[in-house]
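A.B. asks:
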Amino acid sequence: MIAPTSLPGAHELGQRCIAAFTRVVPATLCAFYRIDPNLQARDFSLYRMPEQMHQAYLQRYRHYDPLQPRNCAAAGRPVLSLHMGMAQQGRHATEVYQGFLQRHGVLDVVEILACDGERPVAGLSLLRDNALGHFSVDELGTLHALQGLLEIAALAPCSQVDERLANLTPREREIAWLLRDGADNKSIARRLDLGLPTVKTHLINLFRKVGVGNRTELVSALFL
1 MIAPTSLPGA HELGQRCIAA FTRVVPATLC AFYRIDPNLQ ARDFSLYRMP
51 EQMHQAYLQR YRHYDPLQPR NCAAAGRPVL SLHMGMAQQG RHATEVYQGF
101 LQRHGVLDVV EILACDGERP VAGLSLLRDN ALGHFSVDEL GTLHALQGLL
151 EIAALAPCSQ VDERLANLTP REREIAWLLR DGADNKSIAR RLDLGLPTVK
201 THLINLFRKV GVGNRTELVS ALFL
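Quick note on full-length UniProt numbering: the sequence shown kicks off at 1 and runs consecutively.
1) Spatial neighbours of residue 193 within its chain, please: CB distance less than 6 Å, with the 5 preceding and 5 following residues excluded, ordered by chain position.
2) Would residue 66 be called buried (16 or more neighbouring beta carbons within 10 Å of its own) or exposed?
3) I need the straight-line Cα distance from residue 44 to residue 186, nearest angstrom please.
4) With the cut-off set at 7 Å, would you say residue 134 and residue 79 are in Cβ contact?
5) Taking DSSP as the reference, what is the three-state secondary structure of residue 190?
6) Grab me the residues of residue 97's own chain with a C-beta within less than 8 Å of its C-beta, minus the 5 sequence neighbours each way, in chain order.
7) Do you know offhand how far residue 174's Cα is from residue 82's?
8) Helix, strand or coil for residue 109, going by three-state DSSP, please let me know.
9) In its own chain, which residues sit with a C-beta less than 6 Å from the C-beta of residue 199, not counting the 5 before and 5 after it?
10) Using 8 Å as the Cβ pair cut-off and three pairs as the minimum, do the region 163-171 and the region 120-131 touch?
11) Could you tell me the distance, in whole angstroms, from the CA atom of residue 231 to the CA atom of residue 182?
12) Could you pull out every residue in the same chain whose Cβ sits closer than 6 Å to the Cβ of residue 32, ignoring the five residues on either side in sequence?
13) Quick check on the DSSP output: what are the complete beta strand (DSSP E) runs of length 3 or more inside the region 50-130, in order along the chain?
14) Looking only at its own chain, which residues have a Cβ that is under 8 Å from the Cβ of residue 1, when we skip the five neighbours before and after it?
15) Closest to residue 109 by CA distance: which of 70, 127 and 99 is it?
16) Could you name the residues that DSSP lists as bridge partners for residue 34?
17) Report the residue from 205, 148, 119 and 95 whose alpha carbon sits nearest the alpha carbon of residue 20.
18) Could you check what DSSP says for residue 1 in three-state terms: helix, strand or coil?
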């Protein structure tokens, strides 16, 4: 049975969670993700995170991540800071992961988990650079208070429209959603912190991948 199209898709729901949480607790980069039965993060929705950084994380560094779902679940905390996570792992893993974060200008990270009973089903990563500084004790308390809302969102029914976006990269999905909302190239570049030539390249790739010739056709193919 197809869910009503008025419902948000799973990836759009992730973007809404990111927007809501960062309005209260600012972050430089964000990622919302689903957690499979093997406690592996998947189906990422990204905000301002460079695709190169995300792919490097998936291919080389996720196993060193002290805040990966398996570690957060073992810690028994719905909100876990980078400092808390690193205190639970070895020195080598900590140094490798800190090096990865530093190369991408990340100073601090906090992870929020959503659970269905005892099983983690989704997570939200908030990352900060030097300009925003470390997450404060008060901000961690605020995230604890908001964690229940993340669970409500993670367990909510979603539209099946996301199936049409399944073959797009996280960045392409972000651009598609912005196009659906009527954003022009300059707005997309500003929102995603990209250069205009990069936006145009993504649009060309999107049109080719979806098999359309313009923005209107793209939005119709993916969302209508």
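Glycine residues also receive a C-beta, built at the ideal position from the N, C-alpha and C atoms.
C.D. replies: Walking through what the data contain:
1) In the sequence shown, the residue the question calls residue 193 occupies position 193. Result list for residue 193: 48, in chain order.
2) Residue numbering aside, residue 66 sits at position 66 when the sequence shown is read from its first letter. Buried: at least 16 other Cβ atoms inside 10 Å.
3) Within the sequence shown, residue 44 is the residue found at index 44, counting from 1. Within the sequence shown, residue 186 is the residue found at index 186, counting from 1. Answer to the nearest angstrom: the Cα atoms are 24 Å apart.
4) As a position in the sequence shown, residue 134 is number 134, starting the count at 1. As a position in the sequence shown, residue 79 is number 79, starting the count at 1. No; because the gap between Cβ atoms is not below 7 Å, this pair is not in contact.
5) Working through the sequence shown from its first residue, we reach residue 190 at position 190. If DSSP states are grouped into helix, strand and coil, residue 190 belongs with the helices.
6) In the sequence shown, counting from the first residue as 1, residue 97 sits at position 97. Excluding sequence neighbours, residue 97 sits near 61, 64, 65, 66 and 86.
7) Here residue 174 is taken as the residue at index 174 of the sequence shown, counted from 1. Here residue 82 is taken as the residue at index 82 of the sequence shown, counted from 1. The straight-line gap from Cα to Cα measures roughly 26 Å.
8) What you label residue 109 is simply residue 109 of the sequence shown in a count that begins at 1. Looking at residue 109 - three-state DSSP - the assignment turns out to be strand.
9) Numbered from its first residue, the sequence shown carries residue 199 at position 199. The residues are 185, 188 and 189.
10) no
11) What the structure shows of the chain is the stretch from 1 to 224, and residue 231 is not part of that stretch, so it cannot be assessed.
12) Within the sequence shown, the letter at position 32 stands for residue 32. Cβ neighbours of residue 32 beyond the five flanking positions: 14, 17, 18, 45 and 124.
13) 79-81, 108-116 and 119-128
14) As a working mapping, residue 1 is identified with position 1 in the sequence shown. With a pLDDT of 38 at residue 1, under the threshold of 50, the predicted position of this residue should be treated as unreliable, and no value is reported.
15) Counting from one through the sequence shown, the residue named residue 109 turns up at place 109. Ranking the options by Cα distance to residue 109, first place goes to 127.
16) Counting from one through the sequence shown, the residue named residue 34 turns up at place 34. Paired residues: 42 and 122.
17) Within the sequence shown, numbered from 1, the residue matching residue 20 stands at position 20. Closest option to residue 20, Cα to Cα, is 148.
18) Residue numbering aside, residue 1 sits at position 1 when the sequence shown is read from its first letter. Low confidence applies to residue 1: its pLDDT is 38, below 50, so where it sits in the model is not reliable, and the reading given next is rough at best. If DSSP states are grouped into helix, strand and coil, residue 1 belongs with coil.
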